[in-house]
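Numbering (my numbering), first residue to last: 19 to 1103.
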Amino acid sequence: MSTVVAQSLHVFGLRSHVANNIFFFDEQIIIFPSGNHCVKYNVDQKWQKFIPGSDKSQGMLALSISPNRRYLAISEIVQEKPVITIYELSSIPCRKRKILNNFDFPVQRFISMAFSPDSKYLLTQTSPPESNLVYWLWEKQKVMAIIRTDSQNNAVYQVSFNPQDNTQVCVTGNGMFKLLRFAEGTLKQTNFQRGEPQNYLAHTWVSEDKIIVGTDTGRLFLFESGDQRWETSIMVKEPTSETRNLEVIRESESLIEFPPISSPVPSYEQVMMASNNSQLAMPQVFAIAAYSKGFACAAGPGRVLLFEKMEEKDIYRESREIRIPTDPQSNERSQSDKQDILCMCFSPSEETLVVSTSKNQLYSITMSLTEISKGEPAHFEYLMYPLHSAAITGLATCIRKPFIATCSLDRSVRIWNYESNTLELFKEYQEEAYTISLHPSGHFVVVGFADKLRLMNLLIDDIRSFKEYSVRGCRECSFSNGGHLFAAVSGNVIHIFATTSLENISNLKGHTGKVRSVAWNADDSKLISCGTDGAVYEWNLSSGKRETECVLKSCSYNCVTVSPDAKIIFAVGSDQTLKEIADSSILREISAFDVVYTALVISHSGRMMFVGTSVGTIRAMKYPLPLQKEFNEYQAHAGPITKMLLTFDDQFLLTVAEDGCLFTWKVFDKDGRGIKREREVGFAEEVLITKTDMEEKAQIMLELKTRVEELKMENEYQLRLKDMNYSEKIKELTDKFLQEMESLKTKNQVLKTEKEKQDVFHRKRIDDLLDKQSQELQDLECCNNQKLLLEYEKYQELQLKSQRMQEEYEKQLRDNDETKSQALEELTEFYEAKLQEKTTLLEEAQEDVRQQLREFEETKKQIEEDEDREIQDIKTKYEKKLRDEKESNLRLKGETGIMRKKFSSLQKEVEERTNDIESLKREQVKLQGVIKSLEKDILGLKREIQERDETIQDKEKRIYDLKKKNQELEKFKFVLDYKIKELKKQIEPREDEIKVMKEQIQEMEAELERFHKQNTQLELNITELWQKLRATDQEMRRERQKERDLEALVRRFKTDLHNCIAYIQEPRLLKEKVRALFEKWRSQG
19 MSTVVAQSLH
29 VFGLRSHVAN
39 NIFFFDEQII
49 IFPSGNHCVK
59 YNVDQKWQKF
69 IPGSDKSQGM
79 LALSISPNRR
89 YLAISEIVQE
99 KPVITIYELS
109 SIPCRKRKIL
119 NNFDFPVQRF
129 ISMAFSPDSK
139 YLLTQTSPPE
149 SNLVYWLWEK
159 QKVMAIIRTD
169 SQNNAVYQVS
179 FNPQDNTQVC
189 VTGNGMFKLL
199 RFAEGTLKQT
209 NFQRGEPQNY
219 LAHTWVSEDK
229 IIVGTDTGRL
239 FLFESGDQRW
249 ETSIMVKEPT
259 SETRNLEVIR
269 ESESLIEFPP
279 ISSPVPSYEQ
289 VMMASNNSQL
299 AMPQVFAIAA
309 YSKGFACAAG
319 PGRVLLFEKM
329 EEKDIYRESR
339 EIRIPTDPQS
349 NERSQSDKQD
359 ILCMCFSPSE
369 ETLVVSTSKN
379 QLYSITMSLT
389 EISKGEPAHF
399 EYLMYPLHSA
409 AITGLATCIR
419 KPFIATCSLD
429 RSVRIWNYES
439 NTLELFKEYQ
449 EEAYTISLHP
459 SGHFVVVGFA
469 DKLRLMNLLI
479 DDIRSFKEYS
489 VRGCRECSFS
499 NGGHLFAAVS
509 GNVIHIFATT
519 SLENISNLKG
529 HTGKVRSVAW
539 NADDSKLISC
549 GTDGAVYEWN
559 LSSGKRETEC
569 VLKSCSYNCV
579 TVSPDAKIIF
589 AVGSDQTLKE
599 IADSSILREI
609 SAFDVVYTAL
619 VISHSGRMMF
629 VGTSVGTIRA
639 MKYPLPLQKE
649 FNEYQAHAGP
659 ITKMLLTFDD
669 QFLLTVAEDG
679 CLFTWKVFDK
689 DGRGIKRERE
699 VGFAEEVLIT
709 KTDMEEKAQI
719 MLELKTRVEE
729 LKMENEYQLR
739 LKDMNYSEKI
749 KELTDKFLQE
759 MESLKTKNQV
769 LKTEKEKQDV
779 FHRKRIDDLL
789 DKQSQELQDL
799 ECCNNQKLLL
809 EYEKYQELQL
819 KSQRMQEEYE
829 KQLRDNDETK
839 SQALEELTEF
849 YEAKLQEKTT
859 LLEEAQEDVR
869 QQLREFEETK
879 KQIEEDEDRE
889 IQDIKTKYEK
899 KLRDEKESNL
909 RLKGETGIMR
919 KKFSSLQKEV
929 EERTNDIESL
939 KREQVKLQGV
949 IKSLEKDILG
959 LKREIQERDE
969 TIQDKEKRIY
979 DLKKKNQELE
989 KFKFVLDYKI
999 KELKKQIEPR
1009 EDEIKVMKEQ
1019 IQEMEAELER
1029 FHKQNTQLEL
1039 NITELWQKLR
1049 ATDQEMRRER
1059 QKERDLEALV
1069 RRFKTDLHNC
1079 IAYIQEPRLL
1089 KEKVRALFEK
1099 WRSQG
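Following this line, the structure appears as structure tokens:
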């Protein structure tokens, strides 16, 4: 394996069309898919950790997290086969717990998954045409039950478990709402679908037996145990006819057609295609999430509604509305919030709601804010920053700042900071952006749009164009390493521009196909290019001619780069190899092992190389390149990699792809070879700002300051006025209260006197009442005593009556007993007589039976004798038949041998025919698949034709309106022609004056030309004189220098001579010193 290692650091992007694409791991950490990874993102601390996809994965389709937040299930396609991988989130790093990849049932892909409440079981739904619902005991990789949810190829969108019951599951789809229960190894449907079938897009469980379901027509249903209990409709204001016509005109007039969003999950696209024609105003409920107070649901583009449960009733009422805010940087601000919300999730504490949209954006809102905003709708905020919503086509970085520049088919340009992992600048445009390059200083950028090439300044809060070039459809551009030049590709021509003068200094022509990639050498003296024509050219920029060339027509090149010493060119293309080219010839070809290389980059140190593939992986290898398969391969993107770059210090690798994601990687060499390039100076902190912006801001600040001072003055004045008003009011109130207090005191005294009077009156009245009551009591006692005596007499009479009645009933009972005994005796006598008669009859019948038995035995003997005779006759007859049968049997055995041989030959023929039938059936199935795909294409084309017809009708209406306007304009033209004739009559005398003036101007221009010629001649003379003056100055400086040198020599000689004269008294020493002085100056001379 290679010693070059890449470690993923951060990703900017989201894959929103993965089913169930966002959920909380805990209160701070969310999990979402990006590229070919799942990302754990801490919202507070802003760090990211990665859960990479399976090796050779072609993209994720669906996610599911277990209720205990311990396991994560990922559905993928690996080498054209579906795979479910279950990760253990609690381990660090996350490890694979189980892989489900051996299936004994037909499956193309798994489009929805759900864990059971105890996290032991997993529910998976396959895509049409199979549409199987599979119930797994995932720890043992065992299928517990399987059932086909749909037989009509309708889309299935979501499956889920009952949050309290492992055995109950729910499935929703187009025309499908099913509740199933797992029992005795099978899944059985428990509900019966009533009414018209709806396109059920999403559902959620709000309690143990209640489910909220949303449709594509904005209707919400509450089902309890499979029966509908409640229904409501979400309404959205329909756009007016004028705005609709404008939208249709815009769509028909746009020259560039957006590519469709490539998603493995068919649900969102199918729903949108089905609803484009008929239900433009209907809000589609793509997502529903339950929480303790009720539920939240997507209610059309950019809108979420919160529903709360009514007390004492099983109905919900709409409580609040949350909207996606419009983006001020968008080119269509009114449309920037029209994003379909595909998935939503509440945090464990239900404090935060996070949503993902169809434009790959993540938004969040604090639920407490929604309660504050009464009446008006609350607004989401970006969870991180605005992300790309389509394929990223361009990537660039610079030296002086930690900036990454990207452009995309979503018509936006974004500037990212890879140190702080933030978005610095972002702006949308009218046209698609194909390529981008960042100046080494990081202050400006060149972008290739569909219509023009624009050179733009990166200001403090804006990306502003300051120069445009008419280079249409520029697919590749690049600043030189020094930043003084930049190259831009238009078809098969490379234009070279100067950054200082902004002029086109040369055009490099030679490619016969489109140029796909360009690269500068280290000193910017040469430019290397490659194209679809299979040519790799090295251009000399000083002469504008090709120096070396290498053409291989069988290969369409994707990317080219050059080694730091500019001796070797590296190129990758469609022939699945990496080529080393030097001196117009291919030195080596290294195989890519069955993938196409789409991007290539070499480090500035020349020790590392990274290549991107068409399947979204990155390969890290050391240089010089090995012959064997020695590289590290990393899962990165879910689409072909479009661009790769290394930062100037070789510390970070940057990759972008068609999945709309940007990855940053930390790279290092295990061998410890120095790849780090130390920065002499830190990153620049300066930013650009225009003078007008500064003046505007200063003006605004001054205005605000003056406004603040004015407001202060106004506030002080208002406070004084209020103090005065309040003091006056206080005085008035005190006076008023004093008066009221006095009046209340007088009232109180009056009430006291009245109270005393009332007390006396009440005492008298109470005494009278007491006397009256005692008298009434005595009267009542007397009356009651008399009544009691009467009642007692009545009681004694009734007692006597009851005694008499008792005696009478006893007499009647005795009489009844006597009559009963007599009747019994009579009945016994009657039945005994009857018994005697019956016994006599029975004896007679027994004698008859005996007589019949004797007769039967005699007849039996006679029959047996007759039967023996018949048996012997039959025996002889059948023995003859047996002999005949044996003879015929021998004949038949011979015939059966012959028939067996014939049968074996016929059986072989039958097997051959069955094989032919099976092969024909396979062909039939294939053809049916082709027919279905063609039918889908036909449907799509029909829809397109309908849309085109509508646009044609709108255009015809517009043409009719324009014709009317044209007629009115012709009338207006006639009036204007008449006025023009009158004005011409007035103009003729003025034209004569103009002619005279023109002659004067011509004379003056001639004089001006003479003056110009004289000026140029004088300028030439001045330049000559300046040159002469400079030459004489230089000569004078040289002469002065010579003079200074000679003076220095004379001084030194004088000092030496002075030293010699010191020995004048000693002739011998003097002689030696003079000789030495002579030798010294002779050698120097």
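Just so you know, even glycine gets a beta-carbon here, dropped at the ideal spot from N, CA and C.
Unbroken alpha helix (DSSP H) run spanning proline 1085, endpoints | Taking the sequence shown and counting its residues from 1, the one referred to as residue 1085 is at position 1067. The continuous alpha helix (DSSP H) containing proline 1085 extends over residues 1085 to 1102.
With 16 as the cutoff for other CB atoms within 10 Å, does arginine 1086 come out buried or exposed?
-> Within the sequence shown, the letter at position 1068 stands for residue 1086. Looking at its Cβ environment, which holds fewer than 16 other Cβ atoms inside 10 Å, arginine 1086 is exposed.
Which word fits threonine 764, buried or exposed, when buried means at least 16 other C-beta atoms lie within 10 angstroms of its C-beta?
-> The count along the sequence shown starts at 1 and reaches residue 764 at position 746. By the 10 Å Cβ count, threonine 764 comes out exposed.
Using the Cα positions of lysine 544 and cysteine 363, report the straight-line distance between them to the nearest angstrom.
-> By one-based count along the sequence shown, residue 544 stands at place 526. By one-based count along the sequence shown, residue 363 stands at place 345. Whole-angstrom Cα-Cα distance: 54 Å.
Through-space distance from alanine 553 to arginine 321, alpha-carbon basis = Locating residue 321 in the sequence shown gives position 303, where the first residue counts as 1. Locating residue 553 in the sequence shown gives position 535, where the first residue counts as 1. Approximately 52 Å between the Cα atoms of the pair.
What separation, rounded to the nearest whole angstrom, lies between the Cα atoms of serine 602 and leucine 618?
-> Working through the sequence shown from its first residue, we reach residue 602 at position 584. Working through the sequence shown from its first residue, we reach residue 618 at position 600. Their backbone Cα atoms lie some 20 Å apart in a straight line.
Cβ shell of glutamine 246 (< 8 Å), same chain only, five flanking positions each side left out | In the sequence shown, residue 246 corresponds to position 228, counting from 1. Taken in chain order, the residues that qualify are Arg212, Gly213, Phe239 and Leu240.
Taking 8 Å as the cut-off, decide whether the C-beta atoms of leucine 32 and leucine 380 are in contact.
-> Taking the sequence shown and counting its residues from 1, the one referred to as residue 32 is at position 14. Taking the sequence shown and counting its residues from 1, the one referred to as residue 380 is at position 362. A contact, by the Cβ cut-off of 8 Å.
The beta strand (DSSP E) with glutamine 653 in it runs from where to where?
-> Residue 653 sits at position 635 when you count from the first residue of the sequence shown. Unbroken beta strand (DSSP E) run through glutamine 653: 650 to 653.
Kindly indicate the opening and closing residues of the beta strand (DSSP E) around methionine 253.
-> As a position in the sequence shown, residue 253 is number 235, starting the count at 1. Neither: methionine 253 is in no beta strand (DSSP E) and is coded neither H nor E.
Looking at glutamate 598 and phenylalanine 588, is the spacing between their C-beta atoms short of 8 Å?
-> Walking along the sequence shown from the start, residue 588 turns up at place 570. Walking along the sequence shown from the start, residue 598 turns up at place 580. Cβ distance < 8 Å, so phenylalanine 588 and glutamate 598 count as in contact.
Going by Cα to Cα distance, which pick from Ala1066, Thr190, Thr250 and Ser792 is closest to histidine 221?
-> One-based indexing of the sequence shown puts residue 221 at position 203. The residue with the shortest Cα to Cα distance from histidine 221 is Thr190.
Taking the runs of the alpha helix (DSSP H) that are 4 residues or longer, which of them lie wholly in the stretch 364 to 419?
-> 385 to 390
In or out: serine 280 buried (at least 16 other Cβ within 10 Å) or exposed?
-> Position 262 of the sequence shown, counted from the start, is the residue given in the question as residue 280. Interpretation of serine 280 is limited by its pLDDT of 35, a score under 50 that renders its predicted location unreliable; the figure taken from the coordinates is listed afterwards. Serine 280 should be labelled exposed.
Beta-carbon proximity of lysine 1091 to tyrosine 1081, cut-off 8 Å = Indexing the sequence shown from 1 puts residue 1091 at position 1073. Indexing the sequence shown from 1 puts residue 1081 at position 1063. In this structure, tyrosine 1081 lies closer than 8 Å to lysine 1091 by Cβ.
For alanine 516, count neighbouring Cβ atoms within 10 angstroms of its own Cβ and tell me buried if that reaches 16, exposed if not.
-> Numbered from 1 along the sequence shown, position 498 holds the residue referred to as residue 516. The residue is exposed, with fewer than 16 neighbouring Cβ atoms inside 10 Å.
Do three or more CB pairs link the stretch 177 to 184 to the stretch 121 to 138 at distances below 8 Å?
-> yes
Figure out for me which residue from Leu81, Lys158 and Gln170 has the closest Cα to the Cα of proline 147.
-> Locating residue 147 in the sequence shown gives position 129, where the first residue counts as 1. If we check each option's Cα against that of proline 147, Gln170 comes out closest.
Check isoleucine 718 in the structure and name its three-state DSSP category.
-> Here the question's residue 718 lines up with position 700 in the sequence shown. Note: isoleucine 718 maps to helix in three-state DSSP.
Alanine 91 (DSSP reduced to helix, strand or coil) = Translated into positions along the sequence shown, residue 91 becomes position 73. In this structure, alanine 91 counts as strand in the three-state DSSP scheme.
Cα separation between valine 125 and phenylalanine 210?
-> The residue given as residue 125 occupies position 107 in the sequence shown. The residue given as residue 210 occupies position 192 in the sequence shown. Cα-Cα distance, rounded: 27 Å.
Alpha carbon to alpha carbon, how far is aspartate 934 from glycine 947?
-> Working through the sequence shown from its first residue, we reach residue 934 at position 916. Working through the sequence shown from its first residue, we reach residue 947 at position 929. Distance between the alpha carbons of aspartate 934 and glycine 947 is about 20 Å.
Return yes when the Cβ of leucine 559 is within less than 8 Å of the Cβ of isoleucine 514, no when it is not.
-> Position 496 of the sequence shown, counted from the first residue, corresponds to residue 514. Position 541 of the sequence shown, counted from the first residue, corresponds to residue 559. Yes, these two residues count as a Cβ contact at 8 Å.
Let me know if tyrosine 849 comes out buried or exposed under the rule of 16 or more other beta-carbons within 10 Å of its beta-carbon.
-> To locate residue 849, count along the sequence shown from 1; it is residue 831. Burial call: exposed.
Please go through the stretch 483 to 571 and give each complete alpha helix (DSSP H) segment of 4 or more residues, from N-terminal end onward.
-> none
Just how far apart, CA to CA, sit threonine 550 and leucine 959?
-> As a position in the sequence shown, residue 550 is number 532, starting the count at 1. As a position in the sequence shown, residue 959 is number 941, starting the count at 1. Those two C-alpha atoms are separated by around 31 Å.
Report the rounded CA-to-CA distance for phenylalanine 666 versus aspartate 711, giving the unit in angstroms.
-> For the purposes of this step, residue 666 is taken as residue 648 along the sequence shown, with counting starting at 1. For the purposes of this step, residue 711 is taken as residue 693 along the sequence shown, with counting starting at 1. Rounded to the nearest whole angstrom, the CA to CA distance from phenylalanine 666 to aspartate 711 is 32 Å.
Would you kindly report the start and end of the unbroken beta strand (DSSP E) that includes asparagine 435?
-> On the sequence shown, residue 435 is found 417 positions in, with the first residue counted as 1. Unbroken beta strand (DSSP E) run through asparagine 435: 430 to 435.
Look up arginine 868 in the DSSP assignment and give the residues it is bridged to.
-> Taking the first residue of the sequence shown as 1, we reach residue 868 at position 850. Beta bridge pairing from DSSP links arginine 868 with no other residue.
Leaving out five residues before and five after threonine 579 in sequence, what residues of the same chain have Cβ atoms less than 7 Å from its Cβ?
-> Indexing the sequence shown from 1 puts residue 579 at position 561. When the five nearest sequence neighbours on each side are left out, the beta carbons in the same chain lying within less than 7 Å of the beta carbon of threonine 579 are those of Ala537, Phe588, Leu618, Val619 and Ile620, in order along the chain.
Proximity to tyrosine 59 [Cα-Cα], best of Ser72, Gly53, Phe42 and Ser75 | As a position in the sequence shown, residue 59 is number 41, starting the count at 1. Residue Phe42 is the option with its Cα nearest to tyrosine 59.
So valine 685 and valine 629 are in contact, right, with Cβ under 8 Å, and what is the actual spacing, rounded?
-> As a working note, residue 685 is residue 667 in the sequence shown. As a working note, residue 629 is residue 611 in the sequence shown. That pair is no contact at about 13 Å.
Write down every uninterrupted run of the beta strand (DSSP E) in the stretch 865 to 904 whose length is 3 residues or greater and which is fully enclosed by it, in chain order.
-> none
Beta-carbon contacts of leucine 643 that lie in its chain and below 6 Å, excluding the five residues immediately before and after | In the sequence shown, counting from the first residue as 1, residue 643 sits at position 625. So the qualifying residues of the chain are Ile608.
Excluding the 5 residues preceding and the 5 following serine 337 in the sequence, name in chain order all residues of the same chain whose CB lies nearer than 7 Å to its CB.
-> Along the sequence shown, read from residue 1 onward, the residue named residue 337 stands at position 319. Taken in chain order, the residues that qualify are Leu324, Phe325 and Glu326.
At a cut of 8 Å, does the stretch 521 to 533 reach the stretch 556 to 572 through at least three beta carbon pairs?
-> yes
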